[in-house]
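In my numbering, the protein residues as written are 4 to 470.
Backbone N, C-alpha and C define an ideal beta-carbon position, used for all residues, glycine too.
Below you can see the structure in the form of structure tokens.
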């Protein structure tokens, strides 16, 4: 997906012609392309759009063709329209569209400490030329657009007896959305605006008149001076005041933090860092803490149940294997690690832990039974053999039924299937590895700890009597 903002006062037809020229002159082969041009008024669309914006979706046959195509598009736009803003992204899937966030990945916010207003365009361009990295995208507070600035000739209006307030009100009605009233219903406010016919602004100024002294009409054109200027398109602010920002596009943006702080201090700018990167770092730390506490609680509960400090380690060691299997399948299928895939890992780990616990518990019971008769290593071998035979069918049934029940989601289409597919891939990858883990890794670990280290709980006489 290529987001283009031409940053010029052009209409939809000119916008369309530029996009068509881009597709026709592009020397890289692509399979399919479509574009949204100008104002977008789709249902549930909450993004910003204007007449000089275009969203181009392109499908390439391979990753190599995609890389060549994006490079060619970037060169074409920058060579012909240097003032245009260009952003190249992966086309969003259904999950991204439903749970999309407007928070940038890594944003550097800087504000003028001397005055609470945006830095001028000329000074900002000089400062950005010395920015520590060249791989950045200008934020909304730096985007510009061509504007027509009206200035009222106060002296001439005084000569002809024109009321300045009346002139400003007439200009707002002609060129703005003049508010008439608001409809209030159940807490919802719907504004009613007056919008006149679109014409050339000079024609509109000549056709509309104002009454001066002695009720003589004068064309509005005589009292308005106009000029074309490039102005900032948005003013961005937070709780600390007005700021301007850039979005870093580096793979490891955090390594430029010190250099950016020095860059800001040299120009008396207050610099802050914001974005999804920092939110993700905070969430990862929280999740790691929760995971550590959960694994610790699991260990102590199993230690109390098994009356051993070593056997719970076998169960704990199965968790990385299941997570690794889920990651492998997600990588092979090109699926991102998101909320749904994380939920699938939780489900998969619950099944894996249950299989490992039941396998160890069955082995313990059989070891207690055969220890008085055979003793030592022979009892351990017999217990492992019979436990594998007893638990083989339940483990296979649990894994196979779960996998078969989830397979239809992979081959289904629709929004629901797209959302659930990451969960399915996580469960399938983890259970595939988890089944072999329960069948082979758990018995081998049990045998190693019991035969080599002598660390397994030895059978107690009272336990044998109870058995």
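Is the distance from the Cβ of residue i to the Cβ of residue j below 8 Å?
i	j	result
residue 343	residue 329	no
residue 243	residue 147	no
residue 22	residue 57	yes
residue 263	residue 85	no
residue 337	residue 107	no
residue 319	residue 302	yes
residue 324	residue 333	no
residue 41	residue 20	no
residue 94	residue 160	no
residue 386	residue 366	yes
DSSP three-state label for residue i, please.
i	result
residue 430	helix
residue 411	helix
residue 193	strand
residue 271	coil
residue 354	helix
residue 405	helix
residue 85	coil
residue 203	coil
residue 176	helix
residue 56	strand
residue 295	helix
residue 233	strand
residue 346	helix
residue 12	coil
residue 239	strand
residue 187	strand
residue 111	strand
Only counting the same chain, and skipping five residues up and downstream in sequence, which positions put a Cβ closer than 7 Å to that of residue i?
i	result
residue 90	6, 140
residue 120	245
residue 69	63
residue 144	121, 235, 237, 238, 239, 246, 247, 248
residue 153	174, 227, 229
residue 312	306
What is the residue span of the beta strand (DSSP E) that residue i lies within?
i	result
residue 27	Element bounds for residue 27: not the beta strand (DSSP E) but the alpha helix (DSSP H), 15-28.
residue 246	244-251
residue 3	No information on residue 3 is available, as it lies outside the stretch 4 to 470 that the chain covers here.
residue 139	139-141
residue 331	No beta strand (DSSP E) holds residue 331; the alpha helix (DSSP H) holding it covers 314-336.
residue 258	Counting along the chain, residue 258 falls outside any beta strand (DSSP E), and DSSP gives it neither H nor E.
residue 214	212-214
residue 36	35-40
Can you check which of these residues, the options, is closest to residue i by C-alpha distance?
i	options	result
residue 213	221, 16, 136	221
residue 276	157, 336, 109	109
residue 396	271, 239, 362	362
residue 290	268, 133, 349	349
residue 452	384, 421, 400	384
residue 226	315, 250, 156	156
residue 126	364, 285, 272	272
residue 168	386, 215, 429	215
residue 256	280, 18, 266	280
residue 360	309, 400, 287	309
residue 266	443, 54, 114	114
residue 207	178, 365, 425, 219	178
residue 24	288, 187, 83	83
residue 409	425, 66, 394	425
Leaving out the 5 sequence neighbours to the left and right, which residues in its chain are closer than 6 Å to residue i when beta-carbon positions are compared?
i	result
residue 438	402
residue 389	369
residue 31	71, 72, 75
residue 398	358, 441
residue 150	232, 234
Using C-beta distances below 8 Å, list every residue in its chain close to residue i, excluding the 5 sequence neighbours before and after it, in chain order.
i	result
residue 62	33, 34, 35, 36
residue 322	298, 352, 355, 356
residue 138	251, 252, 253
residue 171	155
residue 405	354, 430, 434
residue 28	79
Just to confirm the assignment, what range does the alpha helix (DSSP H) spanning residue i have?
i	result
residue 440	Unbroken run through residue 440: none, as it is neither H nor E.
residue 125	124-132
residue 446	445-450
Of all the CB atoms in chain D, is at least one closer than 8 Å to the CB of residue i?
i	result
residue 334	Of the chains in the structure shown, none is chain D; there is only one protein chain.
With respect to 7 Å, is the separation between the Cβ of residue i and the closest non-hydrogen atom of the ligand MG below this value?
i	result
residue 195	As presented, the structure is devoid of all ligands, the ligand MG included, so that no description of it is given.
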